[in-house]
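Q: Read in my numbering, the sequence shown has 75 at position 72, and its numbers run on one by one without any break.
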Amino acid sequence: MHPVLRPAVGEDLDALCDLEHRALTIDRFSRRQLYHVLNRANAVTLVAEGGECRLSGYGTFLLRRNSRQARLYSLGVDPGARGRGIGASLLKALVNAAVRRGCERMVLEVRIDNSAALTLYRQAGFMPEAWLTEYYADGCSAWRMSRALTTSLPDLDHQA
Ligand SMILES: CC(C)(COP(=O)(O)OP(=O)(O)OC[C@H]1O[C@@H](n2cnc3c(N)ncnc32)[C@H](O)[C@@H]1OP(=O)(O)O)[C@@H](O)C(=O)NCCC(=O)NCCS
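#1: Among Ala101, Leu16, Leu135 and Ala120, which residue has its Cα nearest to the Cα of Ala151?
#2: Can you tell which of Leu135, Cys143, Arg104 and Leu111 has the C-alpha that lies nearest to the C-alpha of Ser149?
#3: So which residues touch the region around ligand 1, with touch meaning a C-beta under 6 Å from any heavy atom?
#4: Could you tell me whether the stretch 90–110 touches the stretch 53–68, using the rule of 3 or more Cβ pairs below 8 Å?
#5: Assuming the contact rule is C-beta atoms closer than 8 Å, Leu49 and Pro10 should be a hit. Round their C-beta distance to whole Å, please.
#6: Evaluate Gly90 with the Cβ neighbour count: other Cβ atoms within 10 Å of its Cβ, from every protein chain shown; 16 or more gives buried, anything less gives exposed.
#7: Between the Cα of Val80 and the Cα atoms of Leu22, Thr153, Asn42 and Asp17, which residue gives the shortest distance?
#8: With 16 other CB atoms within 10 Å as the buried threshold, where does Asp15 fall?
#9: Per DSSP, what kind of secondary structure is Leu27 in: helix, strand or coil?
#10: So, are the CB atoms of Ala51 and Pro82 less than 8 Å apart?
#11: Is it true that the CB of Ser77 sits closer than 8 Å to the CB of Phe32?
#12: Assuming Tyr38 is part of the beta strand (DSSP E), what are its boundary residues?
#13: Val40: buried (16+ other C-beta within 10 angstroms of its C-beta) or exposed?
#14: Let me confirm a value: Ser70 is counted as buried when at least 16 other C-beta atoms fall within 10 Å, else exposed. Which label applies?
#15: Could you check whether the Cβ of Leu58 sits closer than 7 Å to any heavy atom belonging to ligand 2?
#16: Would Leu135 and Met109 qualify as a contact pair, given that the criterion is a beta-carbon distance under 8 Å?
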């Protein structure tokens with residue numbers, strides 16, 4: 004069954020902060036950063052509703068002026084809700100939302116030790132394009148991955 008996805012709204016801030024703390028152990032966004040994610044005109048944030056807490060997942064991409072490239076900025080699923088397709092559904096919905104906004108490419112950075120995310124991104128058609136040495140504050144390196152957005156991904160009934 005598909006999770007219920009919808010665009011985030013300002014009132015989601017508290018639930019988003021809770022989710023960020025549950026979903027990420029490192030490289031977390033602060034409340035201030037999440038506030039900006041929710042209120043920036045160039046950020047698109049989708050949330051997955053349900054589960055034991057109000058939100059079970061979220062993802063955000065950023066748009067740049069005069070650019071057809073979207074940057075996946077964050078993706079997280081509640082540890083208690085993982086392995087049920089929520090991350091993949093959010094990623095598909097974000098890709099499709101970027102396609103609808105005229106984006107031709109999506110890029111992201113991912114820790115090289117994050118095998119779950121690396122597998123998810125590869126499965127969704129992202130390919131490694133650059134190795135970023137010691138990209139994160141703890142010294143972990145990253146892969147920059149990208150995907151052409153020529154077509155929408157199927158299996159979505161959500162319109163962001
Ligand atoms: C990465 C994350 C978003 C995946 O969310 P999820 O809802 O559990 O993922 P899904 O159930 O949709 O899984 C989709 C695919 O991802 C891959 N995947 C998910 N969890 C995995 C794991 N623990 N190990 C290996 N591959 C995994 C699989 O390919 C899976 O497809 P499959 O079910 O057909 O095998 C989640 O683990 C998470 O929130 N991690 C912490 C935050 C994070 O690392 N975000 C990414 C930052 S770049």
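Heads up, the beta-carbon is just placed ideally off N, CA and C, and yes, glycines get one too.
Fair warning: this is a prediction, and the values are worked out from it, not measured in the lab.
A: Taking the structure as given:
#1: Ala101
#2: Leu111
#3: Ala26, Leu27, Leu78, Gly79, Val80, Arg85, Gly86, Arg87, Gly88, Ile89, Gly90, Ala91, Val113, Asn117, Ser118, Ala119, Ala120, Thr122, Leu123 and Gln126
#4: yes
#5: 6 Å
#6: buried
#7: Leu22
#8: buried
#9: coil
#10: no
#11: yes
#12: Tyr38 -> not in any beta strand (DSSP E); alpha helix (DSSP H) instead, spanning Arg34 to Asn42.
#13: buried
#14: exposed
#15: Only ligand 1 can be found as ligands here, which leaves ligand 2 out of the picture.
#16: no
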